[in-house]
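Residue numbers are given in UniProt numbering: position 275 of the sequence shown equals residue 275, and the series is strictly consecutive.
Heads up, the beta-carbon is just placed ideally off N, CA and C, and yes, glycines get one too.
Keep in mind that this is a model prediction, so the values were computed, not measured.
All remarks here apply to the structure that follows.
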Amino acid sequence: MRDLTEIEAAFAGVNWRPHLIRIAIVWVIIPFFFYYFVASLTYWLGIRRKRLRLSGKDADEAVVIVLGDLGRSPRITYQARSLVEHGFLVNVCGYIESALPSFLYDEDIELNEISVIRNTRHLPYALFAASKAISQIFELVGVLTRVITDRTKYVLIQNPPCFPLLAILVLLKLTICPHIKLVIDWHNFNYTILNLRYQNERHPLVKFLKAYERCLGAKYTDLNLTVTDAMRKFLIGKFGFPSKKVITLHDRPAEKFRPLSGRAEFRDIQANHAEIFAGTKFDSTKDKILITATSFTADEDFNVLVDGLIALDDLLEEEKAKPKVLMIVTGKGPLKNAFLKRTAAHNWSHVTIKSVWLSDEEYPKVLRIADLGISLHYSSSGLDLPMKIVDLFGSGVPVLSMGYPVIHELVHEGQNGVCMSDNKSGEEMGQKLNRILFCEPEVMGKLKSGAVHESSVKWNDEWEAKLGQIMRH
């Protein structure tokens, strides 16, 4: 007891505060900052290595952005890959809602996810659109100021959508990022898509978006890419874009799309996708495969597809051989359930409909086993083209397409495809399908040859011819 009292007395006059501070510094603060420094140094060295070319020299950088799902935005991801192949380090920004193509994990590509904002509270459209825009402004400013560096040469965005992205980029270009060159890849127009909802081009929101695209695009962009010649003429003639700043960059298939090599490959693909053929009793000697790739959105008419398949089903009943048709529908979107509900309500005799979601790797394989593709795309502007037809041609598959003036830049009647005369006529669709698939084999042979010919021109060829020299400067 006395020993304890003496010990207490010995330490009674000691000022513990400096000792505790030294202990904290030695055992807590110094280790913390040491490991934090090591971790940070490792991280930034890793980023630095990623931002160096194999030669060891700093490379020019590019930013590629889409306010959409990267896994379902093939053209914008092709743009990123082409930039990498031309020596750029690329920051790719967008939603990540589905599996991504493997090339997006290249060491010279950095992925930056943008949050998806959904109307979970079921707000009125205008109110939700306003709240979404406000939320995106804050996030996009943060993302863009992080990915745009002093070495960033190009910022390439997909349009639509470009609100509020384009306005933010213009503001950055006018203030802290004057060195960037702003490129818009025009697939369509925001205002024409919005007008599908209002059916009134004089609606205030439609007029606002039209002015937004026209004014900011014409004045502040350095380069504009369009998917059709007609769209290029529109931007120049109607929106007042300088002609030297607008280039037509047609969609072309990537290397992964190619025609079927033979029956052996067909059997392999069939075996690897047994779920598609389950319950069909498919006989490749007389039965046919149709395919349509869709996003299940308002610019596609699924009623005419169902009506057309019903008409085809009735016509096949009259055939002696009683051939069958397997209709593969790939994709997902807001109108999918309505489509499935309607197809389930009909009693089919010779047509089987299978709805599937295919990965980026499996989609090209299934495409190439089809006899004929169907494109339901309506152009809200009358100036764009469906990339799904390009995928079909890349796979050597001809197409039956909705008819509108600009479609003939891609589908050449009687050569690589056939267009509808009346886009609302299911009877016409059924008759055309029956004629091509079963009644006139010489027509199918000619269409097939034309589609295979189209497959020879790839995305890299088009990109190099139109942008190769420009992007090197």
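Out of Lys336, Thr343, Glu409 and Thr175, state which residue places its alpha-carbon closest to the alpha-carbon of Gly308.
Here the question's residue 308 lines up with position 308 in the sequence shown. Taking only the C-alpha atoms, the option nearest Gly308 is Thr343.
Buried or exposed: Pro334, going by 16 or more other Cβ atoms within 10 Å of its Cβ?
In the sequence shown, residue 334 corresponds to position 334, counting from 1. Classification for Pro334: exposed.
Identify the residues that DSSP records as bridge partners of Cys419: which are they?
Position 419 of the sequence shown, counting from 1, holds the residue named residue 419. For Cys419, which the question treats as bridged, DSSP gives the partners Ser401.
Which value, in whole angstroms, describes the spacing of the CA atoms of Gly262 and Ala99?
Working through the sequence shown from its first residue, we reach residue 262 at position 262. Working through the sequence shown from its first residue, we reach residue 99 at position 99. Gly262 and Ala99: Cα-Cα distance of roughly 29 Å.
Please classify residue 544 as buried or exposed, where buried requires at least 16 other C-beta atoms within 10 Å of its C-beta.
Past the boundaries of the shown model lies residue 544; the chain is included only from 1 to 473, so the question cannot be answered.
For Leu447, which option in Ile65, Ser395 and Leu70 has the closest C-alpha, if you only look at C-alpha atoms?
The residue labelled residue 447 in the question sits at position 447 within the sequence shown. Checked all of Ile65, Ser395 and Leu70; the closest Cα to Leu447 is Ser395.
Quick one, which of Leu312, Gly382 and Met387 has its alpha-carbon nearest Ile436's?
If you number the sequence shown from 1, residue 436 lands on position 436. Answer by Cα proximity: Leu312.
Rank Arg368, Leu209 and Glu442 by C-alpha distance to the C-alpha of Gly414 and give the top, closest one.
Locating residue 414 in the sequence shown gives position 414, where the first residue counts as 1. Of the candidates Arg368, Leu209 and Glu442, the one whose C-alpha sits nearest the C-alpha of Gly414 is Glu442.
Decide yes or no for the touch test of the segment 257 to 274 against the segment 214 to 232: beta carbon pairs closer than 8 Å, at least 3 of them.
Output reads no: the segment 214 to 232 does not touch the segment 257 to 274.
Would a C-beta distance cut-off of 8 Å place Gln158 and Ile76 closer than the cut-off?
Taking the sequence shown and counting its residues from 1, the one referred to as residue 158 is at position 158. Taking the sequence shown and counting its residues from 1, the one referred to as residue 76 is at position 76. Going by C-beta atoms, Gln158 is nearer than 8 Å to Ile76.
May I ask you to list the residues that DSSP assigns as paired with His377?
The residue given as residue 377 occupies position 377 in the sequence shown. According to DSSP, which records beta bridges pairwise, His377 is partnered with Glu300.
Indicate whether the contact test is met: 3 or more Cβ pairs, each with one atom in the segment 121 to 131 and one in the segment 375 to 388, closer than 8 Å.
The answer is no - the segment 375 to 388 does not touch the segment 121 to 131, with fewer than three Cβ pairs under 8 Å.
Mark Leu174 as exposed unless 16 or more other C-beta atoms lie within 10 angstroms of its C-beta, in which case mark it buried.
Taking the first residue of the sequence shown as 1, we reach residue 174 at position 174. Exposed, because fewer than 16 other Cβ atoms sit within 10 Å of the Cβ of Leu174.
Give me the Cα-Cα distance between Lys336 and Ile353, rounded to the nearest whole angstrom.
Counted from its first residue, the sequence shown places residue 336 at position 336. Counted from its first residue, the sequence shown places residue 353 at position 353. Cα-Cα distance, rounded: 13 Å.
Pull the bridge partners of Cys93 from the DSSP assignment, please.
Taking the first residue of the sequence shown as 1, we reach residue 93 at position 93. Answer is Ile65 and Asn112, bridged to Cys93.
At what residues does the alpha helix (DSSP H) containing Val452 begin and finish?
To locate residue 452, count along the sequence shown from 1; it is residue 452. Per DSSP, Val452 belongs to the alpha helix (DSSP H) from Pro441 to Glu454.
Checking 8 Å against the spacing of the C-beta atoms, do Ala80 and Lys153 come in under that value?
By 1-based counting over the sequence shown, the position of residue 80 is 80. By 1-based counting over the sequence shown, the position of residue 153 is 153. No, Cβ-Cβ distance for Ala80 and Lys153 is not below 8 Å.
Using 8 Å as the threshold, is the C-beta distance between Asn112 and Val143 below it?
Counted from its first residue, the sequence shown places residue 112 at position 112. Counted from its first residue, the sequence shown places residue 143 at position 143. Their beta carbons are under 8 Å apart, which means Asn112 touches Val143 by this criterion.
Please state whether the Cβ-Cβ distance between Leu316 and Pro323 is less than 8 Å.
Sequence index remark: in the sequence shown, residue 316 carries index 316 (1-based). Sequence index remark: in the sequence shown, residue 323 carries index 323 (1-based). Against a cut-off of 8 Å, the Cβ pair of Pro323 and Leu316 comes out as a contact.
Quick check for students: name the residue ranges of the alpha helix (DSSP H) that lie wholly in the segment 174 to 237, counting only runs of 4 or more.
Taking only runs of at least 4 residues, the alpha helix (DSSP H) segments lying wholly in the segment 174 to 237 are 190 to 198, 204 to 220 and 229 to 237.
Closest to Ala465 by CA distance: which of Ser82, Val66, Val206 and Met231 is it?
Numbered from 1 along the sequence shown, position 465 holds the residue referred to as residue 465. The residue with the shortest Cα to Cα distance from Ala465 is Ser82.
Cutting at 7 Å between CB atoms, please list the residues of its own chain near Pro259, excluding the five before and the five after it.
Here residue 259 refers to the residue found at position 259 when the sequence shown is read from its first residue. Counting only Cβ-Cβ distances below 7 Å, and skipping sequence neighbours, we find Arg368, Ser395, Gly396, Val452 and Ser455.
Could you round the C-beta distance between Leu376 and Phe257 to whole angstroms and report it? I think they count as a contact, below 8 Å.
Indexing the sequence shown from 1 puts residue 376 at position 376. Indexing the sequence shown from 1 puts residue 257 at position 257. Actually they are not in contact, since the Cβ atoms of Leu376 and Phe257 sit about 20 Å apart, beyond 8 Å.
Could you compute how far the alpha carbon of Met327 sits from the alpha carbon of Val147?
Here residue 327 is taken as the residue at index 327 of the sequence shown, counted from 1. Here residue 147 is taken as the residue at index 147 of the sequence shown, counted from 1. Each residue's Cα considered, the two are about 44 Å apart.
Give every residue of the same chain whose Cβ lies closer than 6 Å to the Cβ of Val390, excluding the five residues on either side of it in the sequence, and list them in chain order.
Position 390 of the sequence shown, counted from the start, is the residue given in the question as residue 390. Answer for Val390: Asp251 and Pro253, listed in chain order.
Across which residues does DSSP place Met327 in a beta bridge pair?
Your numbering for residue 327 matches position 327 in the sequence shown. Leu290 and Ile353.
For Glu300, which residues of its own chain have a beta-carbon under 7 Å away from its beta-carbon, when the five flanking residues on both sides are left out?
Against the sequence shown, residue 300 aligns to sequence position 300. Thr294, Leu376, His377 and Tyr378.
Just checking my contact of Ala230 with Glu409 at CB under 8 Å: how many whole Å lie between their CB atoms?
Locating residue 230 in the sequence shown gives position 230, counting from the first residue. Locating residue 409 in the sequence shown gives position 409, counting from the first residue. The pair is a contact, with the Cβ atoms about 7 Å apart (cut-off 8 Å).
Take the Cβ of Glu255 as the centre, count every other Cβ of all protein chains shown within 10 Å, and call the residue buried at 16 or more, exposed below.
The residue labelled residue 255 in the question sits at position 255 within the sequence shown. Glu255 comes out exposed.
Is Thr120 buried or exposed, if buried means 16 or more other CB atoms sit within 10 Å of its CB?
Reading the sequence shown from its first residue, position 120 is the one you call residue 120. Exposed, since its Cβ has fewer than 16 Cβ neighbours within 10 Å.
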